[in-house]
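J.:
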Amino acid sequence: MHKELKQLADEIQELRRKRNAVILAHNYQRDEIQEIADYCGDSLELSRLAAESAADVIAFCGVHFMAESAAILSPDKTVLLPNGDAGCPMADMITAEGLRAKKKELNGTPIVCYVNSSADVKAESDICCTSANVVSVVNSLPGDSVYMVPDMNLAKFAAKKTDKKVDWWKGFCPTHQLVTPSEVRGMQEKHPGAPLVVHPECREDVLALADEVRSTSGIYRFAEETNAKTIIVGTELGILYRLRKQNPDKEFILLSPNLVCPNMKITTLEDLRDALRDMKHVIRVEEPVLSGARTALERMLAVPRDN
Ligand code: 13P
Ligand code: SF4
Numbered sequence: 012m013h014k015e016l017k018q019l020a021d022e023i024q025e026l027r028r029k030r031n032a033v034i035l036a037h038n039y040q041r042d043e044i045q046e047i048a049d050y051c052g053d054s055l056e057l058s059r060l061a062a063e064s065a066a067d068v069i070a071f072c073g074v075h076f077m078a079e080s081a082a083i084l085s086p087d088k089t090v091l092l093p094n095g096d097a098g099c100p101m102a103d104m105i106t107a108e109g110l111r112a113k114k115k116e117l118n119g120t121p122i123v124c125y126v127n128s129s130a131d132v133k134a135e136s137d138i139c140c141t142s143a144n145v146v147s148v149v150n151s152l153p154g155d156s157v158y159m160v161p162d163m164n165l166a167k168f169a170a171k172k173t174d175k176k177v178d179w180w181k182g183f184c185p186t187h188q189l190v191t192p193s194e195v196r197g198m199q200e201k202h203p204g205a206p207l208v209v210h211p212e213c214r215e216d217v218l219a220l221a222d223e224v225r226s227t228s229g230i231y232r233f234a235e236e237t238n239a240k241t242i243i244v245g246t247e248l249g250i251l252y253r254l255r256k257q258n259p260d261k262e263f264i265l266l267s268p269n270l271v272c273p274n275m276k277i278t279t280l281e282d283l284r285d286a287l288r289d290m291k292h293v294i295r296v297e298e299p300v301l302s303g304a305r306t307a308l309e310r311m312l313a314v315p316r317d318n
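Taken in order, the sequence shown gives residues 12 to 318; the numbers are from this note's numbering.
1. If you pair each beta-carbon of the stretch 171–183 with each one of the stretch 193–210, do three or more pairs fall below 8 angstroms?
2. Alpha carbons only, please: which of 124, 144, 129 and 181 is nearest the one belonging to residue 137?
3. Would you check if the distance between the CB atom of residue 263 and the CB atom of residue 293 is smaller than 8 angstroms?
4. Which two residues bound the contiguous alpha helix (DSSP H) that contains residue 32?
5. The ligand SF4 heavy atoms versus the CB of residue 75: any closer than 7 angstroms?
6. Within 8 angstroms, do at least three Cβ pairs link the stretch 181–197 to the stretch 214–231?
7. Taking contact to mean at least 3 C-beta pairs separated by less than 8 angstroms, is the stretch 80–87 in contact with the stretch 115–123?
8. Entirely within the stretch 119–194 and at least 3 residues each: give me those beta strand (DSSP E) ranges in chain order.
9. Are residue 36 and residue 72 touching if we call contact CB-CB under 8 angstroms?
10. In its own chain, which residues sit with a C-beta less than 6 angstroms from the C-beta of residue 240, not counting the 5 before and 5 after it?
11. Considering only the alpha carbon of each residue, which of 209, 238 and 33 lies closest to residue 266?
12. List the residues that DSSP assigns as beta-bridge partners of residue 89.
13. Specify the secondary structure class of residue 235 as computed by DSSP and reduced to three states.
14. Between 57, 14, 226 and 43, which lies nearest to residue 33 when the distance is taken from Cα to Cα?
15. Applying the criterion that 16 or more other CB atoms from any shown protein chain within 10 Å of the CB defines a buried residue, is residue 257 buried or exposed?
16. Please classify residue 13: is it buried, with 16 or more other beta-carbons within 10 angstroms of its beta-carbon, or exposed?
17. Near residue 98, which residues of its chain fall below 7 angstroms by C-beta distance, leaving aside the five closest residues on each side in sequence?
18. Per DSSP, which residues does residue 245 bridge with? Please list them.
19. Quick one: any contact between the stretch 15–35 and the stretch 294–301, if contact means 3 or more CB pairs under 8 angstroms?
20. Between which residues of its own chain and residue 307 is the CB-CB distance below 8 angstroms, once the five residues before and five after are set aside?
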């Protein structure tokens with residue numbers, strides 16, 4: 012390891028002990044953040060870890076809604092977002108006010124809220140979901156229809172896997188939305204026979220060309236299960252670090268060079284060190300939003316994974 016990185020890593024280890032902190036990192040984080048984290052995972056796994064952790068402090072290397080979910084599920088712990096600017100543009104595509112207005116038209120149709128959303132929006136929803144459990148969550152609800160927020164691509168994916176009528180808010184992930192079918196066909200021609208595994212935040216016409224649609228952790232499982240030696244991966248760049256480390260005999264090709272989420276890349280080791288040293292940026296959710304959002308998240312945690 013580079014000398015400065017090694018020194019930073021040592022400082023973080025020391026602070027982690029001093030603060031009795033656990034470091035959680037999403038699968039899209041920079042390589043060096045994934046390397047130093049206690050746990051890496053998808054949104055669902057990290058929510059569970061946050062809820063179950065015995066640490067006093069959770070340093071959440073991800074984006075704001077993830078740290079917020081941790082703060083909702085562990086209100087007695089101090090949750091830190093090491094870089095306070097790490098947001099999610101998809102989460103910002105809906106407000107609680109906008110959802111309240113929509114609900115007036117929905118006559119009690121249950122609202123399924125992707126965790127990529129603010130606590131205020133979760134509090135207005137019946138249940139949360141992630142890309143790892145969306146179909147089971149939709150099917151767990153009473154009645155024959157659901158309304159999904161904020162990701163239209165995840166909603167369209169779920170609609171094809173359930174008998175329920177699914178309608179949706181028209182949000183999307185600006186990073187995954189950039190991938191086009193012609194880009195996919197180009198990669199498939201370049202690597203004939205290589206399976207394509209994509210995240211359900213990709214466009215519907217991209218999902219139609221994929222062999223598998225999985226959450227980020229589902230993509231790790233697929234990589235281990237498949238006999239293929241070359242795999243095309245349609246999600247954010249950060250996933251490649253552990254895919255390559257855990258499967259040295261396999262080749263992983265990123266579907267598009269545009270698959271880089273600037274918000275997931277903003278957190279550095281310096282940010283993590285400063286956060287643990289100065290106890291910043293503390294993420295807190297106040298009542299009544301806290302209780303409403305917690306109910307939606309806890310209902311989700313009671314549902315099994317799809318992938
Ligand atoms: P996962 O829950 O699959 O890890 O995805 C989170 C995310 O932000 C994808 O853009
Ligand atoms: Fe949000 Fe997309 Fe980045 Fe995930 S990849 S954090 S959905 S902008």
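Note that CB positions come from ideal geometry on N, CA and C, so glycine has one too.
T.: On the basis of the coordinates in this document:
1. No: the two stretches stay apart, fewer than three of their Cβ pairs being nearer than 8 angstroms.
2. For the residues 124, 144, 129 and 181, the minimum Cα distance to residue 137 belongs to 124.
3. For residue 263 and residue 293, no; Cβs fall outside 8 angstroms.
4. Here residue 32 belongs to no alpha helix (DSSP H); instead the beta strand (DSSP E) covers 32–37.
5. For the ligand SF4, not one heavy atom lies less than 7 angstroms from the Cβ of residue 75.
6. They touch, by the three-pair rule.
7. Contact between the stretch 80–87 and the stretch 115–123 is absent, with fewer than three C-beta pairs closer than 8 angstroms.
8. Taking only runs of at least 3 residues, the beta strand (DSSP E) segments lying wholly in the stretch 119–194 are 122–125, 138–140, 156–160 and 176–179.
9. It is a contact, given that the beta carbons lie within the stated cut-off.
10. Cβ within range, chain order: 261.
11. Of the candidates 209, 238 and 33, the one whose C-alpha sits nearest the C-alpha of residue 266 is 209.
12. Bridge partners of residue 89: 68.
13. Helix at residue 235.
14. Considering only alpha carbons, the answer is 57.
15. With a threshold of 16 other beta carbon atoms within 10 Å, residue 257 falls short and is exposed.
16. Here residue 13 is exposed. Its C-beta has fewer than 16 other C-beta atoms within 10 Å.
17. Excluding positions up to five away in sequence, the list reads 74, 75 and 274.
18. Residue 245 is bridged to 209.
19. These segments do not touch.
20. The answer, listed in chain order, is 124, 133, 134, 136, 137, 138 and 139.
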